[in-house]
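Comments concern the structure below.
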Amino acid sequence: MTTMGKSSIQLLHVFLLVVLAYLNPTLALSSSGNRDAKTIRCIEKERQALLKFKEALIDDYGSLSSWGTTNEEDGNDCCKWEGVHCSNHINTTTSHVTMLDLHDNALGGKISPSLLELHHLRYLDLSFNDALYGPIPQQFSNLTNLRHLDLRNNSMLNSENLEWLSHLSLLSHLDLSWVHLSKATSWVQSICNLPLLKELHLSHCALPDITHSSSIRPNSSVSLSIVDLSSNGLSSSIYNWLFNFSSSLAYIDLGGNELKGSIPDAFGDMVSLTNLSLSWTQLEGGLPESFVNLSHLQSLDLSENDLTEELQEFLEKLSGATNSLECLVLYVNRLKGPLPDFTRFSVLRELNLGYNLLSGSFPKNIGNLPSLFSLFLSWNQITGSLPDLSVFPSLRILDLRNNLLNGTIDRGIGQLHELVYLCCGFNSLKGTISEAHFSNLSSLQYLDFSYNALTFNFSSVWVPTFQLRVIMLSSCKLGPRFPEWLRTQKNFSVLYISSVGIVGNIPSWFWDLSPRLDSLNLSHNQINGSLPDLSLKFHGSGIDLCNNLLTGPIPLVPLNASFLNLSKNMFGGLLSFLCAIAGEFHMIFLDLSNNQLSGELPYCLSHFKRLSIISLANNNLSGEIPSSIGSLSRIQILNMRSNNLSGELPFSLKRCTELRIIDLRGNKFTGIVPAWLGTHLTNLKVLILRSNEFNGSIPQQTCHLNCIQVLDLSQNNLSGNIPPCFFNFTTLVESKNSDDTTSFEYTLPFADFANDDMANDGTYEANAVLQWKGQDREYDKNLGLQKIIDLSSNRLSGNIPEQVWSLAGLHSLNLSINNLTGKITQEISRMEMLESLDLSANRLSGEIPRSIAHLNYLSVLNLSSNNLSGKIPFGTQLQSFNASTYAGNPNLCGLPLPNKCLGDLPITPQPKDKSIQEDEDRSITQGFYFSMGLGFFFGFWGVFGTILFNSRSQHAFFKFPNHITDWIFVTTTLNWARLQRML
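Residue numbers (mature numbering (1 follows the signal peptide of the UniProt record, and there is no 0)): -28 to -1, 1 to 955.
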């Protein structure tokens, strides 16, 4: 064909296209050689594969509603479906599916193997669909064109092996984080068969550990650049595989594993390394010298380990990264020494040294770090005053809480116009905070100066330039008037201004300030008056108004209230307000103790399914505990002491198996002590039923309370024998000191946006009134340190079981005012931690065992009003007690009692031989007798007169030759032990 002929045909073709376009534009476009999105369809086989994939899914939110619809022209073309992308080839009317991206679509169900029909698939992302479950199809091995595979954050997915990965030779990006891979024992070999792999993310997968080096193939991929194996519990054997990629690796995250030991030198050979995280891995010691080679290092995270190096030495080993290091995170270690000069790291942006042992003050030349935006130095021992922080012009986050900082706050802090988060709480800062300190802090959102000796002095008309979200100023001086500047704040969600000296009413405007207010603490002030309807005025979930002077009935509270502390006020009325919020199931913490509340406990308490702590102590409540309380399956603390409650303990309470503390002291409960307390509530640490009307015997099942630390059944009508199984009280048998086991955590609605955390744990210190050394004392923080058994003032009889003397960790034992008989045995010496022992007003007989003198901590003893006999054993403490300790035992003798024992009478000397006597008489003259008389008078009465007129000194003198060594040893040991306990 000639060139002219070809041109003619082309012109004819164009003419026909013009005619067809006029008659039917769609047909004309389909006839052209140019691709149009409306005419090119996906391949039918691939379309059917996608529909089968959809059938196996659960799509409650309609994310795949565009798939397979027929009411629209595009409904049958899978290339138009949500998340589906097709190839873009010229001169074809069909396209292969090359990309399927359905991440974060709230999909559930199983992954269908039908996807294997998508042979041209290059990109597959099903991440963040946590309702997906079941195994990953092994048929994925057929997707040989796959470059990118992302199934992360699907914690119900699993794979018993990763052998299928070996066939995906083109894969460069793999992310299976949070997929369960605990049975994939050969995961390393599978990864090593991917020669083009650059990114590997397998965090939180429960990966099996590498048990031997033979499973590692050294000739694996040389292109691997990013490795994230965090939070798998892997051991140090992972190093053997990882160090094969020394030349290519730039990003390594092994945090949350069990690496232990020292940081390997080999990390310093990874010259391309930019990011390294070994946080929470139990590493110890310091940084290897080889880290000086990491000249490209940008981020180093070694937080939550056991590093003990001097911080100055640590930083010297990073000197090679002075021009690259941007982020250094070392919090929760034991790094020590003063704060060094950080200015050598000229591009440093984030520095976190919180929770270490750093000391000293800020360096005088703190330098200039223009890029620093985050500085965490909290929970150290830094002293001195705050430096001029204006040298950090880019600072956005400053956290210096829980240090030993003192002095005043420089006004230069007001120049940090980028500052968002300012936290200096729990220090010893003093002085006055004025408006000048906040002059340019227009970005400030989080302010914490709590627990300092600061005085806030603002004009009543001051309008801050900032809008705070979190305000924490507890224990500062803000009062006596309610702070007027708060009236300008419209966005705060947290307000903690407890113990700030506020006197008077809460102004009415306060309740209409911030619709975002979620957590309010105005406790420990002198706020009076009544409260408005909080269900209308307050929409938050945390309210703490304890220790004020508030009166009137308790108003309705928000439906979503989870934390309510109105204790130590003067509220009256009934508890019926609780029933208005009972259906919402939000309440976790409820403390209405120390008020004037009356009436019965409402049945609607059962609706608070999440309630963990309830304290209604010291009110005027009456009636029985409703059986509905058994519905509180999560309750840990039940404190209703000092009310007028009556009746028997409800049987349903045995369902509350999480109970740690029950305090029902000072009520009118009757009936027997239930056996189910021991069989069902085995987590109890504190059980106080003191001053009630319980009768019957102490059930044997009580001995199942292995965790019990305080058992107080005193002042009831209990009878029978003491159960002979107290050695089952495991915590009381152990002589080591207790941990603080009566602090309970709960979640507060507290927005700590600096850590991107919308909830923080609060701590509740349980409290109880215990009789300690004869006096009632209220314990809170130290309650968990007490180990006490008090069965006094009952009608118990029989012998004291031998097992009682096995309680080596017990601090106080009170069995007084009962009808106990028998003897105190030598086994009492096993109670080595005992400080207080009261066995008075019983019918005990026999001698006081000598071994009681070995109780080195014993400081309170009462054995009076028994039938004890014999001589009081000698011991450092036993003779120091008042005579009343042993009074009422007619047959008891010896110090400190006035009646002497027969063995203490002086022995009459035998007469000497008469001839010897006569010889001695010849040398005795009248002058001798005179001199002897003077010497006797002054010597005897001057030296020994005091001893003879003082019973304690008399006893010590005559026993001195035999006991001086014992006295020195016992006294030294006792005082040293007491000093340790005080510290």
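Ideal Cβ positions, reconstructed from N, Cα and C, are used throughout, including at glycine.
Exposure label - residue i; buried when at least 16 CB within 10 Å
i	result
A408	exposed
S486	buried
residue 1002	Outside the shown range of the chain, which is -28 to 955, sits residue 1002, and nothing can be said about it.
P646	buried
Q353	exposed
V151	buried
R632	buried
S587	buried
G34	exposed
V658	buried
F623	exposed
A813	buried
residue 961	Any property of residue 961 remains undetermined from this structure, which presents the chain solely from -28 to 955.
A21	buried
S350	buried
Best match in the options for proximity to residue i [C-alpha to C-alpha]
i	options	result
N500	N520, H511, L494, R488	N520
L394	K753, S431, F345	F345
E89	D97, L757, L115	L115
P107	S331, L148, H68, L787	L148
D474	K462, Y751, A21, S495	Contrary to the premise, residue 474 reads as Ile rather than Asp in this sequence. Comparing Cα-Cα distances from I474 to each of K462, Y751, A21, S495, the minimum goes to S495.
N838	Q851, L546, S788	S788
S578	N567, C50, Y468, L550	L550
G397	R613, R373, N655	R373
S465	G451, R453, V442	V442
I526	S37, L569, L226, D484	L569
K843	C14, N834, G818, L153	G818
E630	T735, R613, T654	T654
L792	I800, Q775, L811	L811
T355	F348, L330, G339	L330
S59	G80, L93, D31	L93
L146	S162, A103, S158, E132	S162
G55	K24, T66, L29, L98	L98
I338	L358, T857, K462, N328	L358
L757	L361, S296, S220, T703	T703
G794	Q743, S271, L840	L840
S220	D241, L231, N375, I515	D241
S175	G228, I182, I210	G228
P696	W159, E774, L656	E774
D32	I634, V433, G80, T70	G80
S249	H139, V199, L283, G860	V199
L467	L445, W457, L166, I83	L445
G379	S333, T246, L29, L287	S333
Beta-carbon proximity list for residue i, same chain, < 6 Å, skipping 5 on both sides
i	result
P933	Its pLDDT being 42, under 50, P933 is placed unreliably in this model, and the coordinates cannot settle the point.
L785	I761, L809
N592	S570
A552	L528
L869	A855, Y858
Same chain only: Cβ atoms within 7 Å of residue i, ignoring 5 sequence neighbours per side
i	result
S778	F699, V705, R802
Residue(s) in a DSSP beta bridge with residue i
i	result
P310	S331
S841	E819, N863
G847	In DSSP, G847 forms no bridge with anything.
E750	V741
M444	D420, Y468
A425	K402
M71	H57, Y95
V301	D273, N324
S113	Partner(s): none; S113 has no beta bridge.
G602	For G602, which the question treats as bridged, DSSP gives no partner whatsoever.
Cβ-based neighbour list, residue i, same chain, cut-off 8 Å, excluding 5 preceding and 5 following
i	result
F641	L617, S618, G619, E620, L621, L661, N664, E665, F666
S513	D490, S491, P530, N532, A533, S534, F535, H558, P721
R627	G602, S603, S605, H652
K26	L36, W39, G40
Check: residue i C-beta below 7 Å from any heavy atom of the ligand SAH
i	result
T629	As far as ligands go, the structure on display features none, and thus does not contain the ligand SAH.
Inset, instruction - Mind the definition here: the segment 668 to 680 touches the segment 733 to 751 only if three or more C-beta pairs lie below 8 Å; say whether that holds. - result: no
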